[in-house]
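Protein chains: 2
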Amino acid sequence: MTGTEVLTGRVADRNGPYLADRLLELGVELSHITLCGDRPADIEAQLRFLADQDLDLIITSGGLGPTADDMTVEVVARFCGRELVLDPGLEATIGDIVTRLMARFPGVDAEAVLAANRKQALIPAGAVILDPVGTAPGVVVEGHPTVVVLPGPPRELQPMWQAAVATDAVQAAIAGRTQYRQETVRMFGLPESGLAETLRDAEGTVPGFDRLEITTCLRRGELEIVTRFEPQDEAAYTALLEALRDRHAREIFSTDGALIDDQIAELLRGRRIATAESCTAGLLAARLTERPGSSAYVAGGVVAYANAAKTDLLGVDATLIDAHGAVSEPVAEAMARGALSRFGADTAIAITGVAGPGGGTEGKPVGTVCFSVALADGEPVTRTTTLPGNRSDVRERSTTVAMHLLRRALTGHG
Amino acid sequence: MTGTEVLTGRVADRNGPYLADRLLELGVELSHITLCGDRPADIEAQLRFLADQDLDLIITSGGLGPTADDMTVEVVARFCGRELVLDPGLEATIGDIVTRLMARFPGVDAEAVLAANRKQALIPAGAVILDPVGTAPGVVVEGHPTVVVLPGPPRELQPMWQAAVATDAVQAAIAGRTQYRQETVRMFGLPESGLAETLRDAEGTVPGFDRLEITTCLRRGELEIVTRFEPQDEAAYTALLEALRDRHAREIFSTDGALIDDQIAELLRGRRIATAESCTAGLLAARLTERPGSSAYVAGGVVAYANAAKTDLLGVDATLIDAHGAVSEPVAEAMARGALSRFGADTAIAITGVAGPGGGTEGKPVGTVCFSVALADGEPVTRTTTLPGNRSDVRERSTTVAMHLLRRALTGHG
Numbered sequence: 001m002t003g004t005e006v007l008t009g010r011v012a013d014r015n016g017p018y019l020a021d022r023l024l025e026l027g028v029e030l031s032h033i034t035l036c037g038d039r040p041a042d043i044e045a046q047l048r049f050l051a052d053q054d055l056d057l058i059i060t061s062g063g064l065g066p067t068a069d070d071m072t073v074e075v076v077a078r079f080c081g082r083e084l085v086l087d088p089g090l091e092a093t094i095g096d097i098v099t100r101l102m103a104r105f106p107g108v109d110a111e112a113v114l115a116a117n118r119k120q121a122l123i124p125a126g127a128v129i130l131d132p133v134g135t136a137p138g139v140v141v142e143g144h145p146t147v148v149v150l151p152g153p154p155r156e157l158q159p160m161w162q163a164a165v166a167t168d169a170v171q172a173a174i175a176g177r178t179q180y181r182q183e184t185v186r187m188f189g190l191p192e193s194g195l196a197e198t199l200r201d202a203e204g205t206v207p208g209f210d211r212l213e214i215t216t217c218l219r220r221g222e223l224e225i226v227t228r229f230e231p232q233d234e235a236a237y238t239a240l241l242e243a244l245r246d247r248h249a250r251e252i253f254s255t256d257g258a259l260i261d262d263q264i265a266e267l268l269r270g271r272r273i274a275t276a277e278s279c280t281a282g283l284l285a286a287r288l289t290e291r292p293g294s295s296a297y298v299a300g301g302v303v304a305y306a307n308a309a310k311t312d313l314l315g316v317d318a319t320l321i322d323a324h325g326a327v328s329e330p331v332a333e334a335m336a337r338g339a340l341s342r343f344g345a346d347t348a349i350a351i352t353g354v355a356g357p358g359g360g361t362e363g364k365p366v367g368t369v370c371f372s373v374a375l376a377d378g379e380p381v382t383r384t385t386t387l388p389g390n391r392s393d394v395r396e397r398s399t400t401v402a403m404h405l406l407r408r409a410l411t412g413h414g
Numbered sequence: 001m002t003g004t005e006v007l008t009g010r011v012a013d014r015n016g017p018y019l020a021d022r023l024l025e026l027g028v029e030l031s032h033i034t035l036c037g038d039r040p041a042d043i044e045a046q047l048r049f050l051a052d053q054d055l056d057l058i059i060t061s062g063g064l065g066p067t068a069d070d071m072t073v074e075v076v077a078r079f080c081g082r083e084l085v086l087d088p089g090l091e092a093t094i095g096d097i098v099t100r101l102m103a104r105f106p107g108v109d110a111e112a113v114l115a116a117n118r119k120q121a122l123i124p125a126g127a128v129i130l131d132p133v134g135t136a137p138g139v140v141v142e143g144h145p146t147v148v149v150l151p152g153p154p155r156e157l158q159p160m161w162q163a164a165v166a167t168d169a170v171q172a173a174i175a176g177r178t179q180y181r182q183e184t185v186r187m188f189g190l191p192e193s194g195l196a197e198t199l200r201d202a203e204g205t206v207p208g209f210d211r212l213e214i215t216t217c218l219r220r221g222e223l224e225i226v227t228r229f230e231p232q233d234e235a236a237y238t239a240l241l242e243a244l245r246d247r248h249a250r251e252i253f254s255t256d257g258a259l260i261d262d263q264i265a266e267l268l269r270g271r272r273i274a275t276a277e278s279c280t281a282g283l284l285a286a287r288l289t290e291r292p293g294s295s296a297y298v299a300g301g302v303v304a305y306a307n308a309a310k311t312d313l314l315g316v317d318a319t320l321i322d323a324h325g326a327v328s329e330p331v332a333e334a335m336a337r338g339a340l341s342r343f344g345a346d347t348a349i350a351i352t353g354v355a356g357p358g359g360g361t362e363g364k365p366v367g368t369v370c371f372s373v374a375l376a377d378g379e380p381v382t383r384t385t386t387l388p389g390n391r392s393d394v395r396e397r398s399t400t401v402a403m404h405l406l407r408r409a410l411t412g413h414g
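As given, the protein sequences belong to chains A and B, one line each in that order. Numbered per UniProt numbering, the first sequence spans residues 1 to 414. Numbered per UniProt numbering, the second sequence spans residues 1 to 414.
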């Protein structure tokens with residue numbers, strides 16, 4: 001992974017996680033992810049370190065642009081002991097792409113841009129070319145280890161990785177892998193230490209426990225337990241799953257890999273939902289519409305940030321706000337009812353809270369968030385929680401709590 | 001950086017970017033970021049690689065939890081040649097924290113949890129202890145290089161890094177650094193290749209160009225040019241900035257580090273804004289309210305996902321939608337006007353587009369997005385653009401385009 005912009009924290013690395021997921025699916029063990037700036041010596045040091053770890057495959061991303069600070073291909077060629085050669089076919093391909101791209105920017109000197117992009121047609125001799133999705137081609141250099149060179153922008157990297165996997169060179173490099181199975185259990189409402197205790201006990205009671213590779217992680221307020229094992233150890237996993245179910249039946253919401261978002265999408269099928277958000281200001285509506293096809297069940301929402309918006313757009317009684325405060329269960333319930341009627345929906349959810357850093361009081365400290373689900377065909381469900389973290393954490397976690405409350409209301413476990 | 005959950009792509013690494021920023025501010029050059037799973041051999045291999053790079057400081061994050069898969073402290077102790085010893089004071093501190101935490105989870109056996117957390121009181125002999133923010137303490141082990149061990153959760157790592165920097169050991173390790181200056185220019189509406197051309201020309205015309213460390217990066221549809229230089233090379237930077245301004249005056253929107261979000265927050269001071277969103281479904285409202293204090297100028301918004309919501313909540317004429325389609329400039333303008341009046345705002349912005357993957361037509365392919373800004377005290381500004389990428393990219397980029405359109409409308413350069 002190269003790119004000074006990633007190293008300096010200005011861009012979050014999305015390629016590491018993407019490639020990690022794909023490798024896991026292929027059953028390829030990922031040992032190391034390394035990032036460095038666009039400095040040849042650092043790139044080379046990392047390649048050498050990785051090669052020393054007795055790996056079959058190295059994947060680089062980034063540093064393939066037309067600017068002079070991009071030099072991954074050059075460094076990889078040297079590292080693999082290959083000459084850098086101009087590929088005329090590739091040069092023509094890049095020329096076509098750039099010419100088309102430039103048509104959108106009439107002010108730019110196309111000739112000069114073409115000259116800059118020509119550098120991208122230089123590849124290590126004998127390497128397999130991966131056709132560009134943007135303007136930058138990738139390459140696969142076969143060897144010990146085989147090196148796959150991909151561009152930095154995730155939109156380009158992702159399809160080009162699929163192309164790379166299809167090459168004989170990559171298939172040969174990953175031929176020796178062990179096939180693992182991986183199962184995920186997701187919980188909500190349990191602290192990590194509580195799970196640690198259960199796992200410690202399971203160590204004594206689950207036969208074959210030590211052949212399960214278990215990792216636990218707290219994410220967006222949910223606990224995720226991922227277990228990897230070889231197919232013959234399935235019985236051990238089944239026993240572990242039973243041990244988890246024995247203790248945490250209420251907290252486990254998924255054992256088949258489904259995210260809460262998947263479950264909500266399923267539960268909302270045939271329904272019509274509207275949102276009423278104050279502190280989260282649209283994050284929940286945005287989350288509900290992340291997946292294609294959500295227009296079948298999302299009517300819309302109101303971001304009622306100001307109190308006037310709560311009364312004018314959701315019909316919340318102003319005296320209710322005066323009596324209980326904007327962050328209160330009666331106001332959350334009124335917001336949900338308002339959303340239900342204004343959007344002609346059958347399902348509505350409201351969030352009102354103190355995201356901070358200001359606005360907290362003794363009775364309602366920063367992190368206090370009230371939620372209410374209103375159903376045309378069921379009882380309302382209202383809850384207040386205090387969420388940890390900063391403004392962004394509180395807003396983010398509020399959407400997760402809302403999703404789980406919605407799940408409980410829609411499955412009748414409110 | 002350790003943590004199997006980060007390596008397997010299930011959690012995005014937020015600590016690398018955070019620490020990178022802090023080190024940059026301190027003038028400390030960051031050479032390498034490495035990630036591996038919670039496997040002792042891999043952690044040790046990375047520590048050895050980093051130590052071989054002749055660095056002054058290694059920072060690890062993650063692997064400090066109570067579960068058995070967390071073993072960073074143990075590995076670091078061995079790597080630094082220190083014994084692992086139990087610190088009684090630290091044990092008491094952790095005990096207090098865990099006891100308080102457990103009060104929130106009445107069902108959990110506090111004694112068992114305490115036993116698990118006791119492992120976190122084991123530290124390398126002679127190390128400086130960093131008090132826990134969660135339950136996990138950090139340590140600083142002085143040496144060549146000095147190693148700082150921090151927990152994985154960003155909420156814990158960030159304050160503990162501040163404590164680590166204040167220690168004599170870290171101050172000694174970073175004493176020899178060169179002080180750099182760093183300046184950032186941000187542009188919108190220019191392709192990366194166009195900038196590459198300008199920079200290539202600047203190489204010939206800007207005296208001292210080769211002493212500037214320039215990195216460019218495309219992010220959320222904006223181009224960011226970051227230049228690092230030693231203080232005596234300020235004249236070279238000034239000349240570079242002039243060269244950029246000569247060519248790209250219209251595209252440069254920031255030369256002082258300000259983000260478009262900072263500029264919009266400033267421009268909205270004393271105003272009152274409302275949003276009307278279709279394809280972005282709340283992302284713009286959420287972005288406008290990311291910063292504390294935004295309630296002073298954000299009234300709220302409507303997520304008008306369904307056409308009925310556009311007519312019912314924003315007063316868009318249904319015949320307008322029939323005549324032009326929901327994704328059209330007339331509908332965007334009507335949505336903005338509706339938001340202006342329904343929220344009693346003086347500034348409103350509407351977004352309606354085809355985020356995909358379905359819904360595209362020949363005339364309005366996926367990525368087609370219409371924007372409209374309505375001002376109580378100025379002319380409306382309406383634009384249609386075609387944005388690249390997948391559903392998530394189109395939605396995300398739409399908020400950026402909206403921010404820039406808003407900027408132009410509010411500065412009178414619509």
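Every residue, glycine too, gets a C-beta built ideally from N, C-alpha and C.
Using C-beta distances below 6 Å, list every residue in its chain close to residue i, excluding the 5 sequence neighbours before and after it, in chain order.
| i | result |
| --- | --- |
| B/Arg220 | Thr400 |
| A/Asp346 | Arg271, Arg272 and Ala376 |
| B/Phe49 | none |
| A/Thr4 | With a pLDDT of only 49 at A/Thr4, under 50, the local geometry of the prediction cannot be trusted, and no value is derived from it. |
| A/Leu267 | Leu410 |
| A/Glu213 | Arg228 |
For residue i, report the span of its alpha helix (DSSP H) as first-last.
| i | result |
| --- | --- |
| B/Val98 | Pro88 to Met102 |
| A/Ser372 | Looking at the DSSP string, A/Ser372 is not in any alpha helix (DSSP H); the run it does join, the beta strand (DSSP E), is Thr368 to Leu375. |
| B/Ala276 | Not the alpha helix (DSSP H): B/Ala276 falls in the beta strand (DSSP E), residues Ile273 to Glu277. |
| A/Leu23 | Asn15 to Leu26 |
| A/Gln158 | Pro154 to Val165 |
| B/Ala336 | Glu329 to Arg342 |
| B/Glu396 | Arg391 to Leu410 |
| A/Ile264 | Ile260 to Leu267 |
As a quick exercise: from the options, pick the residue whose alpha carbon is nearest that of residue i.
| i | options | result |
| --- | --- | --- |
| A/Phe188 | A/Asp42, A/Glu242, A/Leu405 and A/Leu410 | A/Leu405 |
| B/Pro137 | B/Pro66, B/Leu24, B/Leu35 and B/Ala339 | B/Pro66 |
| B/Arg291 | B/Ala281, B/Arg269 and B/Ser278 | B/Arg269 |
| residue 427 of chain B | B/Val302, B/Glu224 and B/Arg155 | Residue 427 of chain B lies beyond the residue range present for chain B, which begins at 1 and ends at 414; the question has no answer from this structure. |
| A/Thr215 | A/Glu242, A/Pro330, A/Leu64 and A/Arg186 | A/Arg186 |
| A/Val165 | A/Gly152, A/Glu25 and A/Arg287 | A/Glu25 |
| B/Gly353 | B/Leu340, B/Glu362, B/Gly344 and B/Ala332 | B/Ala332 |
Residues of chain A with a CB under 9 Å from the CB of residue i: which are they?
| i | result |
| --- | --- |
| B/Tyr237 | Correct list: empty, because the minimum Cβ distance to chain A is about 16 Å. |
| B/Val298 | Ala281, Val303, Tyr305 and Ala306 |
How would you list, in chain order, the residues of chain A whose beta-carbon sits under 7 Å from the beta-carbon of residue i?
| i | result |
| --- | --- |
| B/Glu192 | Gly65 |
| B/Thr289 | Ala281 and Tyr305 |
At what residues does the beta strand (DSSP E) containing residue i begin and finish?
| i | result |
| --- | --- |
| A/Thr382 | Gly378 to Thr386 |
| A/Pro124 | Leu122 to Pro124 |
| B/Thr227 | Glu222 to Phe229 |
| A/Leu130 | Val128 to Leu130 |
Taking 7 Å as the limit between beta carbons, can you name the residues of its chain near residue i, skipping five residues before and five after?
| i | result |
| --- | --- |
| A/Gly9 | Confidence at A/Gly9 is low in this model, with a pLDDT of 49, below 50, so its placement is unreliable and no value can be given for it. |
| A/Gly134 | Pro151, Pro153 and Glu156 |
| B/Asp42 | Cys36 |
Residues in the same chain with beta-carbon distance under 8 Å from residue i, minus the five sequence neighbours each way, listed in chain order, please.
| i | result |
| --- | --- |
| A/Met1 | Because the pLDDT at A/Met1 is just 45, under 50, the model does not fix this residue reliably, and the value given afterwards should be weighed accordingly. Same-chain partners within the cutoff: Asp13, Asn15, Gly16, Ile33, Thr34, Leu35, Cys36, Thr60, Ser61 and Gly62. |
Residue i touches chain A at which residues, Cβ-Cβ below 8 Å?
| i | result |
| --- | --- |
| B/Asp69 | Ile214, Thr215 and Thr216 |
Run through chain B and tell me which residues come within less than 7 Å of residue i, C-beta to C-beta.
| i | result |
| --- | --- |
| A/Phe343 | Ala309 |
So which residues of chain B does residue i contact, with C-beta pairs closer than 8 Å?
| i | result |
| --- | --- |
| A/Leu101 | Pro191 and Ser193 |
| A/Ser295 | Tyr305 and Ala306 |
| A/Arg155 | Pro388, Gly389, Asn390 and Asp393 |
Name, please, each residue of chain B whose Cβ falls closer than 9 Å to the Cβ of residue i.
| i | result |
| --- | --- |
| A/Val113 | Pro191, Ser193, Gly194, Ala196 and Glu197 |
So residue i packs on residue j, CB below 8 Å; how close in whole Å?
| i | j | result |
| --- | --- | --- |
| B/Val76 | B/Val98 | With 8 Å as the limit, B/Val76 and B/Val98 do not qualify as a contact, their Cβ atoms being about 23 Å apart. |
| B/Val149 | B/Val73 | 6 Å |
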